[in-house]
Amino acid sequence: MSKTSKLTLIPVMLCFFAMGFVDLVGIASNYVKEDLGLNDATANIFPSLVFFWFLIFSVPTGMLMNKIGRKKTVLLSLVVTVVSLLLPIFGETFEIMLVAFSLLGIGNALMQTSLNPLVSSVLKGGNLASTLTFGQFVKAIASFMAPYIAMWGASATIPSFGLEWRVLFPIYMIIGVAATLLLGVTPIDEPQMEGKASSFADCFRLLGKPIVLLSFLGIMCHVGIDVGTNTTAPKILMERLGMTLNDAAFATSLYFIFRTVGCLTGSFFLRIMNNRTFFVISVVMMTLSMAGLAVGTEKWMLYTAIALVGYGNSNIFSLIFAQALTSMPKKQNEVSGLMIMGLFGGTVFPLLMGFASDAMGQLGAVIVMTVGVLYLYTYIKRIRH
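Following the working numbering, the numbering of the sequence shown begins with 5 at its first residue and continues without gaps.
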């Protein structure tokens, strides 16, 4: 890779950090629930709303990229993200948080669809897979920092200017502005777009192919478990161990720490181990985690379970995504759009988990996630060696 390409990757990696802002919704929804006195089903609307927009915006973003280019699409996603982070500074009403999380979801849907193709424009034949894996590592840093910043603000160990836990929003907003400005002044030579953008009809027609449909469902389960653990882990510690929300917020960071370690080590293991074996190991770790979250009443057992699902779930997305793309090399744009739409699982799972936990405690939420883990066993035979 040329020195110019390496320098260009700096603002691109800062964009990956901004992509991680979406994961603040897990800890933020817990604080909003406590501050506004909401029940689980209502509080879980927030993470569900964030991921609902992937269903609406993923394919249109592909069309938009063909018209205005990848870099401008990423810049648009950053602007929407910055606005979403600005709103909670002015208040914490249900309506403000609803609009803020909606904009955060829309910005992230635009970014998830456009940033990965932008990386390929920068590399021009470089090692795309390892660079994208490193991007996921950078994204995960933002994810596990969010609970810590919220905890510091809430405990007044840093000046929060009256925002308390919401100090998280202006801090991330400043980083978002920096990413926007840096990317804006960085010249990136994009390839000329060929062919027409995918339409909804093109995408949905592909769901008739078994590998595409099963991969789509697999992505939904992966993201549902991811968002579900992010949101539910602190509630389990509060329910079983009597922790305060501020102490229990560490659970979200623990999950993201192990997901980050999984992103870093997964790229190495996948070079020395066949994909199916690594997928099986990952799903078994997640199964053990669900058992621990279901019955655990000791801190060490619950922390171990959270770490296991963090590591186990860290490479599921890339393994399924790769299988789907390689299965239909001539329809990669359409398949890619559908896989991003699968992030809609982040809407379905928290909603079901909210109703289940209101009915039978946090065990109900764990049961919903366990269904997602069991589905992944059916996908094992689809993974090529």
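The beta carbon of each residue, even a glycine, is placed where N, CA and C say it ideally should be.
Candidates the options: closest to residue i by CA position
| i | options | result |
| --- | --- | --- |
| L356 | A45, T12 and V29 | A45 |
| G246 | R275, K303 and M290 | K303 |
| L122 | T190, L312 and S106 | T190 |
| V370 | A298, F321 and N234 | A298 |
| M69 | L258, N120, Y383 and I320 | N120 |
| C207 | T301, L80, F260 and K335 | K335 |
| F56 | L108, A326 and N279 | L108 |
| A230 | T248, G212 and A255 | One point to set straight first is that residue 230 is Asp, not Ala, in the sequence displayed. Taking only the C-alpha atoms, the option nearest D230 is A255. |
| T236 | L306, A144, F272 and I285 | L306 |
| L18 | A183, M277 and P92 | A183 |
| S271 | T281, W169, T137 and A146 | T137 |
| T281 | I320, T301, I153 and F98 | I320 |
| T351 | V16, L13, N43 and A47 | A47 |
| Y379 | L218, T248, L274 and S322 | L218 |
| N278 | S62, Q327, M290 and T85 | Q327 |
| P238 | S257, T117 and L80 | S257 |
| L186 | S361, I14 and F359 | I14 |
| F466 | A360, G368, S125 and G341 | There is no way to answer for residue 466, as the model of the chain reaches only from 5 to 389. |
Distance between beta carbons of residue j and residue i, contact taken as under 8 angstroms
| i | j | result |
| --- | --- | --- |
| I240 | Q366 | 5 angstroms |
| T264 | F141 | 6 angstroms |
| F220 | M373 | Between M373 and F220 the Cβ distance is about 18 angstroms, and since that is not below 8 angstroms, they are no contact. |
| T65 | A113 | 7 angstroms |
| A311 | M155 | About 19 angstroms; that fails the 8 angstroms criterion. |
| G349 | V227 | 4 angstroms |
| V377 | M294 | 6 angstroms |
| I324 | G180 | Their Cβ separation, rounded to whole angstroms, is 29 angstroms, which puts I324 and G180 out of contact at 8 angstroms. |
| V171 | M115 | Their Cβ separation, rounded to whole angstroms, is 23 angstroms, which puts V171 and M115 out of contact at 8 angstroms. |
| T308 | G316 | About 12 angstroms separates the two Cβ atoms, so there is no contact after all. |
| G314 | F353 | In fact, because the Cβ distance is near 16 angstroms, the residues do not count as touching under 8 angstroms. |
| L53 | S88 | No, L53 and S88 are not in contact; Cβ-Cβ is about 11 angstroms, not under 8 angstroms. |
| P151 | I285 | At roughly 27 angstroms, the Cβ-Cβ gap does not stay under 8 angstroms, so P151 and I285 are not in contact. |
| I145 | I175 | So it is not a contact: roughly 14 angstroms between Cβ atoms. |
| D362 | N34 | About 15 angstroms separates the two Cβ atoms, so there is no contact after all. |
Extent of the continuous alpha helix (DSSP H) run through residue i
| i | result |
| --- | --- |
| N400 | Residue 400 cannot be examined here, being either before or after the span of the chain that is shown, 5 to 389. |
| K239 | P214 to L245 |
| N278 | Note, N278: premise wrong, no alpha helix (DSSP H); not H, not E. |
| G41 | Segment: none, G41 is in no alpha helix (DSSP H) and carries neither H nor E. |
| F98 | F98 to L127 |
| I175 | L172 to G188 |
| T382 | Q366 to Y383 |
| A252 | L249 to A252 |
| N70 | I49 to I72 |
Cβ-heavy atom distance, residue i to the ligand GTP, below 7 angstroms
| i | result |
| --- | --- |
| T281 | Summarising the ligand content, the structure contains no ligands, and the ligand GTP is consequently not present. |
Counted within 10 angstroms of its Cβ, other Cβ atoms place residue i as buried (16 or more) or exposed
| i | result |
| --- | --- |
| G232 | buried |
| Y381 | exposed |
| M364 | exposed |
| D193 | exposed |
| F94 | exposed |
| E338 | buried |
| V36 | buried |
| A205 | exposed |
| P51 | buried |
| G24 | buried |
| I49 | buried |
| M149 | buried |
| K385 | exposed |
| G212 | exposed |
| S41 | Note that residue 41 corresponds to Gly in the displayed sequence, not to Ser. That one is exposed. |
| R244 | buried |
| L11 | exposed |
| I110 | buried |
| K143 | buried |
| P214 | exposed |
| G346 | buried |
| N234 | buried |
| R74 | buried |
| T248 | exposed |
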